[in-house]
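A quick write-up on the structure given underneath.
Residue numbers (the UniProt record's numbering): 1 to 349.
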């Protein structure tokens with residue numbers, strides 16, 4: 001079903017993703033819809049996390065909050081990467097002080113081979129409804145970004161059963177049972193493609209793939225267990241730009257820049273702008289990479305460092321963003337200062 005949406009008034013992000021000339025870089029922040037905003041905290045008191053994700057009206061309201069409050073150049077739908085494991089029948093709960101916990105993680109080879117990507121978009125229809133509603137409510141103010149977790153990152157959670165610093169259980173399973181792991185990765189890749197396509201059909205104008213735990217893999221293992229699946233997803237999505245964020249995998253920047261059909265690569269704060277530009281030959285738009293913790297800097301110093309970041313990346317083929325999601329206790333006026341600095345940026349000669 002084709003939806004009719006209002007005309008887009010601010011297409012800065014889309015132009016930067018196409019590599020077109022822009023008057024200034026676009027700006028948005030990962031996790032901008034959520035936990036640092038007081039109006040979000042009010043909703044948090046009334047509804048559980050997954051109630052907020054699974055109620056289209058609430059997801060829409062939360063997605064719009066930062067657009068009204070801090071004014072970025074894009075909205076990103078309020079959801080979670082663990083919706084896909086849920087659609088596979090993995091029980092996901094968010095435990096206070098611990099993060100995501102899976103009630104029935106993959107523990108055996110049989111568990112792994114019982115994973116099949118069947119009607120993932122149908123099981124996650126609430127996300128599509130939220131996207132369509134949000135796209136209408138945005139009224140063309142800014143583009144809407146959809147997203148999904150990458151297969152490797154989802155595999156980590158589905159096997160480990162909870163968040164972890166090193167995902168040792170998941171990596172052990174990978175090395176002990178490569179065939180079973182390959183099966184899960186293939187099914188997750190199919191699911192992710194179907195899910196992103198459904199988000200695009202629902203109204204997403206850009207999609208981002210989050211490989212949050214890519215940096216746990218060595219360069220050789222990244223080539224086997226992350227890169228091929230990321231390439232397959234990017235190649236399958238042709239209708240809208242894809243932003244690929246493989247956190248921590250600085251060593252893969254060159255290959256991702258040249259081999260991937262993504263429109264942009266997200267960067268974390270452990271990479272210098274100069275290295276990123278050189279590794280990718282300035283052939284692809286880069287997004288990032290302000291350390292989220294630096295949003296605690298005094299506002300004058302924060303603004304100076306954001307301007308310096310843009311000086312180093314340059315204004316073209318660049319999207320100003322954080323190097324990971326915004327932290328819960330960042331003051332709203334500091335988040336606003338980050339966005340305002342990019343909007344007011346003037347290159348220093």
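In this text, a Cβ means the ideal position worked out from N, Cα and C, and glycines have one as well. Values in this document were obtained by computation on a predicted structure and should not be read as measured data.
Check your understanding: Terminal residues of the continuous beta strand (DSSP E) containing residue 319?
Key -> On the chain shown, residue 319 is found 319 positions in, with the first residue counted as 1. Residue 319 -> beta strand (DSSP E) spans 318-322.
Review point. If we ignore side chains and look at the alpha-carbon of each, how far apart do residue 236 and residue 300 end up?
Key: Reading the chain shown from its first residue, position 236 is the one you call residue 236. Reading the chain shown from its first residue, position 300 is the one you call residue 300. When rounded, the distance between both Cα atoms is 44 angstroms.
Check your understanding: Is it true that the CB of residue 27 sits closer than 8 angstroms to the CB of residue 343?
Key -> Residue mapping note: residue 343 aligns to position 343 of the chain shown, counting from 1. Residue mapping note: residue 27 aligns to position 27 of the chain shown, counting from 1. Yes, they are a contact pair.
Review point. What are the start and end residues of the beta strand (DSSP E) that includes residue 100?
Key: Position 100 of the chain shown holds residue 100. Run containing residue 100: 99-102, per the beta strand (DSSP E) assignment.
Review point. Over what stretch of residues does the alpha helix (DSSP H) that includes residue 338 continue unbroken?
Key: Counted from its first residue, the chain shown places residue 338 at position 338. Run containing residue 338: 332-343, per the alpha helix (DSSP H) assignment.
Exercise for review: Could you tell me which of 100, 290, 9 and 39 sits nearest to residue 73, measuring between CA atoms?
Suggested key: By one-based count along the chain shown, residue 73 stands at place 73. Answer by Cα proximity: 9.
Exercise for review: Ignore the nearest five residues each way along the sequence and tell me which others in residue 276's own chain have a CB closer than 7 angstroms to its CB.
Suggested key: One-based indexing of the chain shown puts residue 276 at position 276. Contacts found: 253, 267 and 286.
**Study point:** residue 264, DSSP secondary structure in three states
**Key:** Numbered from 1 along the chain shown, position 264 holds the residue referred to as residue 264. Residue state, collapsed to three classes: strand.
Exercise for review: Could you please give me the residues that DSSP links to residue 287 through a beta bridge?
Suggested key: Within the chain shown, the letter at position 287 stands for residue 287. For residue 287, which the question treats as bridged, DSSP gives the partners 266 and 319.
**Study point:** Within-8 angstroms CB hit, residue 233 to chain D
**Key:** The displayed structure is made up of one protein chain only, and chain D is not part of it.
Check your understanding: What residues in its chain sit with their C-beta under 6 angstroms from that of residue 15, if we drop five residues either side in the sequence?
Key -> Along the chain shown, read from residue 1 onward, the residue named residue 15 stands at position 15. The answer, listed in chain order, is 22.
Check your understanding: For residue 271, which of helix, strand or coil comes out of DSSP?
Key -> Sequence index remark: in the chain shown, residue 271 carries index 271 (1-based). Looking at residue 271 - three-state DSSP - the assignment turns out to be coil, as it is neither helix nor strand.
Check your understanding: Buried or exposed: residue 78, going by 16 or more other Cβ atoms within 10 Å of its Cβ?
Key -> What you label residue 78 is simply residue 78 of the chain shown in a count that begins at 1. With 16 or more other Cβ atoms within 10 Å, it is buried.
Review point. Since residue 208 sits in a beta bridge, which residues does DSSP pair it with?
Key: Residue 208 sits at position 208 when you count from the first residue of the chain shown. In the DSSP output, where bridge partners are listed per residue, residue 208 has 147 and 243.
Point to revise | Rounded straight-line distance, which links the Cα of residue 204 to that of residue 217 | key: Counting from one through the chain shown, the residue named residue 217 turns up at place 217. Counting from one through the chain shown, the residue named residue 204 turns up at place 204. Taking the straight line joining both Cα atoms gives about 30 angstroms.
Point to revise | residue 160 classed as buried or exposed, judged by whether at least 16 other C-beta atoms fall within 10 angstroms | key: Position 160 of the chain shown, counting from 1, holds the residue named residue 160. Buried is the call here.
Review point. Short check: CB of residue 264 to CB of residue 233, under 8 angstroms?
Key: Counting from one through the chain shown, the residue named residue 264 turns up at place 264. Counting from one through the chain shown, the residue named residue 233 turns up at place 233. Taking 8 angstroms as the Cβ cut-off, residue 264 and residue 233 do not qualify as a contacting pair.
Review point. From 145, 40, 346 and 116, pick the residue whose C-alpha is nearest to that of residue 241; which is it?
Key: Here residue 241 is taken as the residue at index 241 of the chain shown, counted from 1. With distances taken between Cα atoms, residue 241 lies closest to 145.
Exercise for review: State the Cα-Cα distance for the pair residue 163 and residue 101, rounded to the nearest angstrom.
Suggested key: Position 163 of the chain shown, counting from 1, holds the residue named residue 163. Position 101 of the chain shown, counting from 1, holds the residue named residue 101. Residue 163 and residue 101: Cα-Cα distance of roughly 7 angstroms.
Exercise for review: Rank 126, 92, 44 and 106 by C-alpha distance to the C-alpha of residue 55 and give the top, closest one.
Suggested key: Along the chain shown, one-based indexing puts residue 55 at 55. Nearest of 126, 92, 44 and 106 to residue 55, Cα basis: 126.
Check your understanding: Can you find a heavy atom of the ligand SAH that lies under 7 angstroms from the Cβ of residue 42?
Key -> This structure lacks the ligand SAH, and indeed carries no ligand of any kind.
Point to revise | For residue 188, the first and last residue of its enclosing beta strand (DSSP E) | key: For this step, residue 188 is matched to residue 188 along the chain shown. Looking at the DSSP string, residue 188 is not in any beta strand (DSSP E); the run it does join, the alpha helix (DSSP H), is 178-202.
Review point. Looking only at its own chain, which residues have a Cβ that is under 8 angstroms from the Cβ of residue 191, when we skip the five neighbours before and after it?
Key: As a working note, residue 191 is residue 191 in the chain shown. Excluding residues within five positions, the ones whose Cβ falls inside 8 angstroms are 84, 87, 88, 117 and 120.
Check your understanding: Using a Cβ-Cβ cut-off of 6 angstroms (strictly less than) and excluding sequence neighbours within five positions of residue 7, which residues of its own chain qualify?
Key -> Taking the first residue of the chain shown as 1, we reach residue 7 at position 7. Excluding residues within five positions, the ones whose Cβ falls inside 6 angstroms are 140.
**Study point:** 7 angstroms Cβ shell around residue 337 - same chain, five flanking residues per side excluded
**Key:** Your numbering for residue 337 matches position 337 in the chain shown. For residue 337, where only same-chain residues beyond five positions count, the Cβ hits under 7 angstroms are 299, 302 and 303.
Practice item. Express the C-alpha separation of residue 63 and residue 284 in angstroms, rounding to a whole number. Key: Walking along the chain shown from the start, residue 284 turns up at place 284. Walking along the chain shown from the start, residue 63 turns up at place 63. Computed Cα separation, rounded: 28 angstroms.
Review point. By the 10 Å Cβ neighbour count, where 16 or more other Cβ atoms means buried, how is residue 107 classified, buried or exposed?
Key: Translated into the one-based positions of the chain shown, residue 107 becomes position 107. The residue is exposed, with fewer than 16 neighbouring Cβ atoms inside 10 Å.
Review point. Do you know whose CA, among 3, 95 and 24, lies nearest residue 11's CA?
Key: In the chain shown, residue 11 corresponds to position 11, counting from 1. For the residues 3, 95 and 24, the minimum Cα distance to residue 11 belongs to 24.
Exercise for review: Would you kindly work out how many angstroms separate the C-alpha atoms of residue 414 and residue 289, rounded to a whole number?
Suggested key: Residue 414 is absent from the model: the chain starts at 1 and stops at 349.
Check your understanding: Is DSSP giving residue 295 helix, strand or coil here?
Key -> The sequence position of residue 295 within the chain shown is 295, counting from 1. Correct three-state label for residue 295: helix.
Point to revise | Supposed contact pair residue 181 and residue 210 - C-beta distance, whole angstroms, cut 8 angstroms | key: Taking the chain shown and counting its residues from 1, the one referred to as residue 210 is at position 210. Taking the chain shown and counting its residues from 1, the one referred to as residue 181 is at position 181. The pair is not a contact, with the Cβ atoms about 20 angstroms apart (cut-off 8 angstroms).
Point to revise | Rounded distance between the beta-carbons of residue 260 and residue 230, thought under 8 angstroms | key: What you label residue 230 is simply residue 230 of the chain shown in a count that begins at 1. What you label residue 260 is simply residue 260 of the chain shown in a count that begins at 1. Confirmed, about 7 angstroms.
Check your understanding: Which full runs of the alpha helix (DSSP H) of 4+ residues lie inside the stretch 38-91, going along the chain?
Key -> 38-46, 49-54, 56-69 and 83-87
Exercise for review: Find the nearest neighbour of residue 58 within the set 131, 13, 225 and 95, judged by alpha-carbon distance.
Suggested key: By one-based count along the chain shown, residue 58 stands at place 58. Measuring from the Cα of residue 58, the nearest candidate turns out to be 131.
**Study point:** Terminal residues of the alpha helix (DSSP H) in which residue 15 lies
**Key:** Counting from one through the chain shown, the residue named residue 15 turns up at place 15. Unbroken alpha helix (DSSP H) run through residue 15: 12-17.
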